[in-house]
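Going by the working numbering, the first sequence opens with residue 383, and the numbers climb by one from there.
Here a beta-carbon is modelled for each residue, glycine too, at the ideal position from N, C-alpha and C.
Take a look at the structure below.
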Amino acid sequence: MTKDRMIKEMVLRAWQRALEDGKIRSKPDPDKVVVEIPKETVQADYATTVAMMLARIEGRSPREIARTIQDYLQEDPQAISERVELAGPGYLNITLKPDQWRQVLLEVDAKRERFGQVEIGGGRCVQVEFVSANPTGPLHVGHGRWAAVGNALANLLQAAGYEAHREYYNNDSGRQIKLLGQSVYARYQHLVGNPVADPEDGYRGAYVTEMAQRLRDRVGDTYRAKTIEACLDFFTRAALKEMTALIRKDLEVFGITFDSWFSEASLYESGAVQNALDDLRKKDYLYEKDGALWFRSTQFKDDKDRVVRKEDGEFTYLASDIAYHRDKLSRGFDFLINIWGADHHGYIARMEAVVLALGYPKEKLRILIGQLVTLVRNGQPVPMSKRAGEFVTLRDVVNEVGKDAAVFFFLMRRLDSHLEFDLELAKRQSNENPVYYVQYAHARLCSVDRQAKEQGVRLKDSRQIRLDRLTEPEELKLMKRLDAFPKLIEESARALEPHRLTFYLLELAGILHHYYNKHRIISDDPDLTQARLLLVSSVKTVMANALGILGVSAPERM
RNA sequence: GCGCCCAUAGCUCAGUUGGAUAGAGCGUCUGACUACGAAUCAGAAGGCCGGGGGUUCAAAUCCCUCUGGGCGCACCA
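Put into structure tokens, the structure is as follows:
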């Protein structure tokens, strides 16, 4: 049982006895007993607001009720509390016996890399789909954010007891892909001495020319002067293959791998698009109008109906998205998570309509919207247009500031908050990046371990260690933060917010550095040394666990 | 015009799902290595939580409204 749970039980017991003695009229109600961790300036471990919640029902002042409950709490023989104080408008502030906190060290020691894992997922299976960029160019900085967040979220869900499956939906079909093929075709003809006009709105980045060069090196001038109709297929396929491989590589360099890659084109090849539409048609959710085929999404709260097949017979991307989500939903996941950029939020309503139309509850799909990354260089906004070829790639950023710093940076903000990424700042201040603050703490503790070893100190079995020697306020503070880790995993997973771990790490590292500067870990007092080594080893373990979830390395040396 | 998101210290952002006197980092100023790693630490200054109303014992947090920004509103992906 968690500590806040034990406190809650204690308060309910006190309430019950107060009821029996006629001091409180209403019956104990667990919903009214809110136990929380008070803000730092308050000298207590937990606080309950029960007296304030009861004030109106009881018709007495909160402080008066609090005093009553306080009396009963202090009489409780099974209390894990050392002190119960009445404060402010009617808070009961509860301070635990220090020994309650010391137990966490034994738990960390026993569980090691599994410390922090919780079971709220109950083995349920979740699919996280993220990045899913068009394979028409390298990943840019914005994609990095989805990559870092999606990966960390999947790790977080796993730590919380879910099965998490990472998937990349490759949009390898449609007009943009065709445009890519045309762009490479034009560059190729240019290289073999047959200049043709670049397609309007075509892709112009240097990587397009490079692809054309590699093609020329491979096939010579085989396709020189051939019409685009005759060889577009060749150029499109070649470009697609290269771009997909490039994106995979970009992600790999960023430390992220997917469990599966799903091809949009395969949905057409397998007939899945047709099947999905047939399914909807049978349910009367499709109709013809003006030569096009429409999806009746307004039946499910969308603003307007959406075209799935255009007048010219081509399918819209929505058609393949319907088929894709139908496929995902049929695979037996308990729910799906899509991470989309804010520029796609307009599609949420229609995707939810799709889920409902396919006969699934809306809750099966959770779409997380991330605010876009604003890229800044030398204080000037950098336009991120793929077509114009003006963008800074994810690879560039990783090369400049390092994988760990980039990942940590992307996870430093809430997903629905804008992220300003100043490249010059990230480069110039790479040593001041908060990630180093955390990693340094970890490396420092590894160094302490090495130092201890050199001095011939051997850590005893944790059960033999005199934990009661840990009495410094900083030590208690560290143990409390360690104790909070499993709950943090639980709450972050529930909220689907991995960024909370980033802040937790910064805080834990801060307390650790403070402690380190103030107290010596290895001293000539053997018992104290043992106890402190166990403490910092626990801190090290928890840091490594949290960093692991974020996808950031925990270096032993820096 | 309509919809979604955002607005908190000079800057960049947290704020445990409604709790107490709102917190960090950076930047600024002052200090700490003959001790386990100074990529560190200690101290100082910095606020009408965009404005107004409402719900509540209690609002940065929930509701309404206004202002200011971002992003959408295709038979493009």
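Can you grab the Cα-Cα spacing for the pair residue i / residue j, in whole Å?
| i | j | result |
| --- | --- | --- |
| Ile559 | Arg569 | 16 Å |
| Arg769 | Ala588 | Only weak support is given to the placement of Arg769: the predicted model assigns it a pLDDT of 49, under 50, and the question is left unresolved by the model. |
| Ala658 | Val590 | 35 Å |
| Ala731 | Lys683 | 7 Å |
| Glu440 | Asp427 | 27 Å |
| Glu696 | Asp583 | 20 Å |
| Val737 | Gly556 | 23 Å |
| Leu489 | Leu805 | Note that residue 489 corresponds to Glu in the displayed sequence, not to Leu. Each residue's Cα considered, the two are about 42 Å apart. |
| Ala365 | Gln425 | The displayed coordinates of the chain run from 383 to 940. Any statement about residue 365 would go beyond what the structure contains. |
| Asp711 | Ser844 | Before going further, note that residue 711 is Leu rather than Asp in the sequence given. About 48 Å. |
| Glu511 | Gly714 | 15 Å |
| Ser652 | Asn552 | 16 Å |
| Val513 | Leu878 | 17 Å |
| Arg445 | Lys862 | 28 Å |
| Ala429 | Ser920 | 26 Å |
| Asp786 | Phe640 | 18 Å |
| Tyr454 | Glu418 | 20 Å |
| Gly933 | Ala530 | 8 Å |
| Gly784 | Asn537 | 21 Å |
| Gln398 | Gln846 | 40 Å |
| Gln540 | Val523 | 26 Å |
| Tyr886 | Asp685 | 41 Å |
| Asp615 | Val690 | 24 Å |
| Ser949 | Asp599 | Limits of the chain in this structure are 383 at one end and 940 at the other, which puts residue 949 out of reach. |
| Gly741 | Arg395 | 47 Å |
| Arg442 | Glu422 | 29 Å |
| Ala363 | Ala594 | The question about residue 363 has no answer here: the residues shown for the chain are numbered 383 through 940. |
| Val780 | Phe867 | 29 Å |
Around the Cβ of residue i, are there at least 16 other Cβ atoms within 10 angstroms (buried) or fewer (exposed)?
| i | result |
| --- | --- |
| Asp339 | Examination of residue 339 is not possible in this model, given that the chain is present from 383 through 940 alone. |
| His727 | exposed |
| Ala517 | A small fix is needed here, since residue 517 is Pro in this sequence, not Ala. Pro517 should be labelled buried. |
| Gln456 | exposed |
| Tyr669 | exposed |
| Met434 | buried |
| His547 | buried |
| Gln571 | buried |
| Ser702 | buried |
| Met733 | buried |
| Ala579 | exposed |
| Asp632 | buried |
| Lys692 | exposed |
| Arg876 | exposed |
| Met392 | buried |
Look at the Cβ atom of residue i, then the Cβ atom of residue j, and state whether they are nearer than 8 Å.
| i | j | result |
| --- | --- | --- |
| Leu910 | Arg851 | yes |
| Tyr706 | Glu624 | no |
| Leu776 | Leu521 | yes |
| Val924 | Leu864 | yes |
| Tyr897 | Glu836 | no |
| Ile931 | Ala534 | yes |
| Gly519 | Phe636 | no |
| Pro412 | Lys390 | yes |
| Gln564 | Pro577 | no |
| Leu675 | Arg688 | no |
| Gln656 | Tyr667 | no |
| Ala724 | Leu757 | no |
| Ala823 | His901 | no |
| Leu849 | Arg494 | no |
| Gly532 | Ile502 | no |
| Val574 | Arg606 | yes |
| Phe717 | Lys744 | no |
| Gln833 | Met940 | no |
| Gly470 | Ile447 | no |
| Trp722 | Ile749 | yes |
Please determine whether the Cβ atom of residue i lies at a distance below 7 Å from any heavy atom of the ligand HEM.
| i | result |
| --- | --- |
| Tyr818 | Inclusion of the ligand HEM in the displayed structure is not the case, the ligand content being empty and no account of it being possible. |
(request) At 4 residues or longer, and completely inside the region 839 to 918: list those alpha helix (DSSP H) runs for me, N to C. (result) Within the region 839 to 918, complete alpha helix (DSSP H) segments of at least 4 residues are found at 855 to 865, 867 to 877, 881 to 900, given in chain order.
(request) Would you list, in sequence order, the uninterrupted alpha helix (DSSP H) runs of no fewer than 4 residues that lie entirely inside the region 615 to 702? (result) 646 to 651, 654 to 664
(message) Taking contact to mean 3 or more Cβ pairs, one atom from each stretch, closer than 8 Å, check whether the region 408 to 415 and the region 470 to 490 are in contact.
(response) no
(message) Across the region 486 to 501 and the region 867 to 884, are there enough close Cβ pairs to call them in contact, namely three or more that are closer than 8 Å?
(response) yes
(request) Kindly confirm or deny that the region 815 to 828 and the region 784 to 792 touch, where touching means at least three C-beta pairs closer than 8 Å. (result) yes
(request) Check whether the region 822 to 834 touches the region 453 to 461, taking contact to mean three or more Cβ pairs, one atom from each stretch, closer than 8 Å. (result) no
(request) Could you name each continuous beta strand (DSSP E) segment of 3 residues or more that falls completely within the region 408 to 467, going from the start of the chain to the end? (result) 428 to 430
(message) Could you tell me which whole beta strand (DSSP E) segments of length 3 or greater appear in the region 786 to 832?
(response) 801 to 804
(request) Would you mind listing the alpha helix (DSSP H) stretches within the region 527 to 590 that are 4+ residues and don't spill past its ends, in chain order? (result) Here the runs fully enclosed are 557 to 573.
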